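J.: Encoded as structure tokens, here's the structure I'll be asking about.
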């Protein structure tokens, strides 16, 4: 199956900085327990390589490591082995540069960075186009997801590729990042 | 577009009872703040008719109503109008019978109930098959999602249709219900 080939080329990163707040100020958002688990499970389901949680705030990384540790090593791992299995993919790092260095170090190739967001942007690919690109390319591919009110413009400029926003049936485009990530992974890597 | 026709025929219900716990005991799970918001946003994005949160526990319904009230009427509504908009679809009811009575009362037709879950079951439809069924039928359609370790067998027996589980790239089938709901709505109602 093609999925078995594409998933391992793909990683995701959930960025808590730099993202916008509701007033379009650049901020660092707080790590949430649920985002750690939910995206780890999605990553595991679709056979991804790694799931990076990115925050420059040391206390937040310590918190995230503690949550991971509970479900991986402690009583939580025995209580819920599925969660432990998913959290194996999780890496907690200060910045996007750390993600890129990690992936490039392992793969010995430049990472193709793909920015996602809720606003239409010039030159953005559809999920179908990106799916074909990823099937044909070597990767590694890194999908960036923004918390808060989304990734800053700087990240879209820095990205190699931009993915079109998920559209529903109207002009309401306020999916939670967890839902957008699930839908995007399914469109890119799900059974067809 | 076809979506504009199908979405309004479809509602979703998140059941906190009757569902299984990890030891396959029938339990009532707790309402979570995030499930209220996340599924409401998905329902709004895909143009659904209603989003029902079902729990027989009175205190839980009061809690859920209070959360909704905060984001709809109070300071929260002004702070986050997108959230208010989505929560308009939310109905909080004690049982599945209340959901069916509400939908049948409005539509004057029997509801087609569709059960979802993570285990394969005999006679289950693929998302593609259900999509065609819903495009051709009159509805109303109600998709049931289970919290905890999933809907009880009784609900699968009671349902008119059963949807196949979402498969990823392997045998790991532990998506969070929020992610499964997002993927299913996109497969049934998203742009094609």
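Protein chains in written order, with this note's numbering: chain C, 2 to 193; chain X, 2 to 193. Quick reminder that beta carbons are idealized off the backbone N, C-alpha and C, glycines included. From a predicted model like this one, the values you see are computed outputs, not experimental measurements.
Can you list, in chain order, the residues of its chain whose CB lies under 8 angstroms from that of residue 37 (chain X), leaving out five sequence neighbours each side?
T.: Taking the second chain and counting its residues from 1, the one referred to as residue 37 (chain X) is at position 36. The residues are 54, 65, 68, 69, 88 and 91.
J.: Identify whether residue 20 (chain C) lies in helix, strand or coil by the three-state DSSP scheme.
T.: Here residue 20 (chain C) refers to the residue found at position 19 when the first chain is read from its first residue. Residue state for residue 20 (chain C) is assigned as strand, using DSSP reduced to three classes.
J.: Counting only Cβ pairs nearer than 8 angstroms, list the residues of chain C close to residue 38 (chain X).
T.: Counted from its first residue, the second chain places residue 38 (chain X) at position 37. Under the 8 angstroms cutoff, chain C gives 177.
J.: Taking 9 angstroms as the CB-CB cut-off, is residue 4 (chain X) touching chain C?
T.: Along the second chain, read from residue 1 onward, the residue named residue 4 (chain X) stands at position 3. Reliability fails at residue 4 (chain X), whose pLDDT of 43 lies under 50, so the model's placement of it is uncertain and no value is given.
J.: Under the assumption that residue 188 (chain C) contacts residue 40 (chain C) (Cβ atoms under 8 angstroms), give the Cβ distance between them as a whole number of angstroms.
T.: Within the first chain, residue 188 (chain C) is the residue found at index 187, counting from 1. Within the first chain, residue 40 (chain C) is the residue found at index 39, counting from 1. The pair is not a contact, with the Cβ atoms about 16 angstroms apart (cut-off 8 angstroms).
J.: Taking Cβ-Cβ distances below 8 angstroms as the criterion, which residues of the segment 38-69 of chain X are in contact with chain C?
T.: 38, 39, 42, 43, 45, 46, 47 and 48
J.: Taking CB distances under 9 angstroms as the criterion, tell me whether residue 192 (chain X) reaches chain C.
T.: As a first step, residue 192 (chain X) must be located in the second chain, where it is residue number 191. Yes, residue 192 (chain X) lies at the interface with chain C (some Cβ there is under 9 angstroms from its Cβ).
J.: Taking three-plus beta-carbon pairs below 8 angstroms as touching, is the segment 144-155 of chain X in contact with the segment 18-26 of chain C?
T.: no
J.: Taking residue 94 (chain C) as the reference, give the member of C:49, C:185 and C:63 with the closest Cα.
T.: As a working note, residue 94 (chain C) is residue 93 in the first chain. Nearest C-alpha to residue 94 (chain C): C:63.
J.: Per DSSP, what kind of secondary structure is residue 75 (chain X) in: helix, strand or coil?
T.: As a first step, residue 75 (chain X) is located in the second chain; it is residue number 74 there, counting from the start. If DSSP states are grouped into helix, strand and coil, residue 75 (chain X) belongs with coil.
J.: How many whole angstroms separate the CB atoms of residue 152 (chain X) and residue 191 (chain X), which I take to be in contact at a CB cut-off of 8 angstroms?
T.: Position 151 of the second chain holds residue 152 (chain X). Position 190 of the second chain holds residue 191 (chain X). That belief does not hold up - the Cβ atoms of residue 152 (chain X) and residue 191 (chain X) are roughly 23 angstroms apart, past 8 angstroms.
J.: Flag this pair as yes or no: are the beta carbons of residue 176 (chain X) and residue 116 (chain X) separated by less than 9 angstroms?
T.: Along the second chain, one-based indexing puts residue 176 (chain X) at 175. Along the second chain, one-based indexing puts residue 116 (chain X) at 115. Contact flag unset, no.
J.: Could you tell me whether the Cβ of residue 184 (chain X) comes closer than 9 angstroms to any Cβ of chain C?
T.: The count along the second chain starts at 1 and reaches residue 184 (chain X) at position 183. Yes - at least one Cβ of chain C is within 9 angstroms of the one on residue 184 (chain X).
J.: If you check the beta carbons only, do residue 77 (chain C) and residue 84 (chain C) fall under 9 angstroms apart?
T.: As a first step, residue 77 (chain C) is located in the first chain; it is residue number 76 there, counting from the start. As a first step, residue 84 (chain C) is located in the first chain; it is residue number 83 there, counting from the start. For residue 77 (chain C) and residue 84 (chain C), yes; Cβs fall inside 9 angstroms.
J.: When burial is assigned at 16 or more other CB atoms within 10 Å of the CB, is residue 163 (chain C) buried or exposed?
T.: Position 162 of the first chain, counted from the start, is the residue given in the question as residue 163 (chain C). Buried.
J.: Under a three-way DSSP split, which group does residue 80 (chain C) fall into?
T.: Translated into the one-based positions of the first chain, residue 80 (chain C) becomes position 79. It is helical.
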